[in-house]
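Notes to accompany the following structure.
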Amino acid sequence: MNGYVVTLLTLGPALLAEGLLARYEVLAYGAGWRAPVTALPHAVPYARGAAADAPPGAYLVYLDGIGKRRARDSRDGGELVKKLLCGAPELRVLGQVQPYSPLATPLVERPVWARLRRHAGLLLFLHNVMQIFVAADHRYRPLYNQAVGSQIAAQLQLAGYEPGSGVPVVLLSYSGGAQVATGAVGPLRTLLGTSPLLIMLGGFHNGANDLTHAAHLHRLTSASDRVERVGSWIFPQRRRLWWTGGWNKAVRAGKITVHALDPATHVGPRSYISPTALLPDGTSHLDRTAALVIALVRQHCRATARHGDPATNL
């Protein structure tokens, strides 16, 4: 009991400070006090999959959930990325983007958190949760979108993407990564001249971002996903009555397609990306999700080959 109290007294002030300073990064970015990080840690490639000596079928940027704390993939997200790389070798996949850091600084590389992470456990997830709400706040959302959208554009170019090339860009997001993915649409069109395809897995987002310049949005969801339902309840822009919001405009424009992945849950042993939860036919939830993502990406690539990138046809 005493050890628990000591831990609480040690971590409590740090977590309170993190909550109060959650806006610091986006304000530091806007004021130009600190430059976003572009270099990656040793042995972390700018992209995996298709070789860099020719344009890939598409560039896929994976925006992880709140477990993202380093340039490398989180445990579960890494399993999904491995499946995508194995099943679609024509893709060039980026997993290093930091959705919850406008300055592109991994949480584990910050001195204070580096000392605390061995004892904080799940409490460290609160940092990324707080960043989701900063990204959704109307006062900071435009700047946050520009910061992380620019981070994605920079990493794509370092991975070999040529602006205006017409090679498809796909933003695959899980959970809170959806808030960042929807916000990155505008900056990516401006900076790279592309209209990205969005694939949202259990997306937790406020529905306020403008999706006009998205090629399309595929919403992968489940009736058993309570976290996604909470997001659609707490954010008024996700409700049908908020007809001027970006999400509802996209719905009316036919830009959103829903794919049911029942009975998957948001997290846990029956999640969308669980390798052990099995469907009646013996397919794992992870295999089903990866197969659907690959099918949607290839469908988009074929459409782009026929009609071109929507951004270049305006």
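To convert, count from 1 in the sequence shown and add 104; that's the working numbering. Every residue gets a Cβ at the ideal spot worked out from N, C-alpha and C, and that includes glycine.
(request) Keeping to the same chain, check which residues put their C-beta closer than 6 angstroms to that of glycine 153; ignore five residues upstream and five downstream. (result) Cβ within range, chain order: Leu189, Leu195, Arg196 and Val197.
(message) Given this structure, state the Cα-to-Cα distance separating proline 414 from serine 205, to the nearest angstrom.
(response) About 29 angstroms.
(request) Sort out for me which residues DSSP pairs valine 273 with in a bridge. (result) The bridge partners DSSP lists for valine 273 are Tyr163.
(request) Could you tell me if threonine 380 is buried or exposed, where buried requires 16 or more neighbouring beta carbons within 10 angstroms of its beta carbon? (result) With fewer than 16 Cβ atoms within 10 Å of its Cβ, threonine 380 is classed as exposed.
(request) Could you tell me which residues DSSP pairs with isoleucine 303 in its beta bridges? (result) Here isoleucine 303 is bridged, per DSSP, to Leu276 and His322.
(message) If you reduce the DSSP assignment to three classes, tell me which class alanine 156 lands in.
(response) Coil at alanine 156, not helix or strand.
(request) Going by CA-CA distance only, name the one from Gly307, Leu144 and Gly191 that's closest to alanine 394. (result) Closest by alpha carbon: Gly191.
(request) Look at the Cβ atom of valine 233, then the Cβ atom of valine 201, and state whether they are nearer than 7 angstroms. (result) Their beta carbons are not under 7 angstroms apart, which means valine 233 does not touch valine 201 by this criterion.
(message) Quick check: alanine 319 and serine 336, are their CB atoms within less than 7 angstroms of each other?
(response) Contact: no.
(request) Identify whether valine 362 lies in helix, strand or coil by the three-state DSSP scheme. (result) Here DSSP, grouped into helix, strand and coil, assigns valine 362 to strand.
(message) Considering Cα atoms alone, identify which of Gln283, Ala282 and Gly297 is closest to tyrosine 265.
(response) Of the residues Gln283, Ala282 and Gly297, the one whose Cα lies closest to the Cα of tyrosine 265 is Gly297.
(request) To the nearest angstrom, report how far apart asparagine 313 and valine 284 are at their CA atoms. (result) Looking at the two C-alpha atoms, the distance is approximately 9 angstroms.
(request) Check whether the stretch 382-391 touches the stretch 403-413, counting contact only when three or more Cβ pairs, one atom from each stretch, lie closer than 8 angstroms. (result) No contact exists between the stretch 382-391 and the stretch 403-413.
(message) In the DSSP output, what is threonine 369 paired with across the bridge?
(response) Looking at the DSSP output, threonine 369 bridges to Ser375.
(request) With a 10 Å radius around its C-beta and 16 neighbouring C-beta atoms as the bar for buried, classify arginine 410 as buried or exposed. (result) Using a 10 angstroms sphere on the CB of arginine 410, the tally of other CB atoms stays under 16, which defines it as exposed.
(message) Relative to the C-alpha of lysine 359, which candidate in Ile303, Lys186, Val334 and Thr325 has its C-alpha closest?
(response) Closest by alpha carbon: Ile303.
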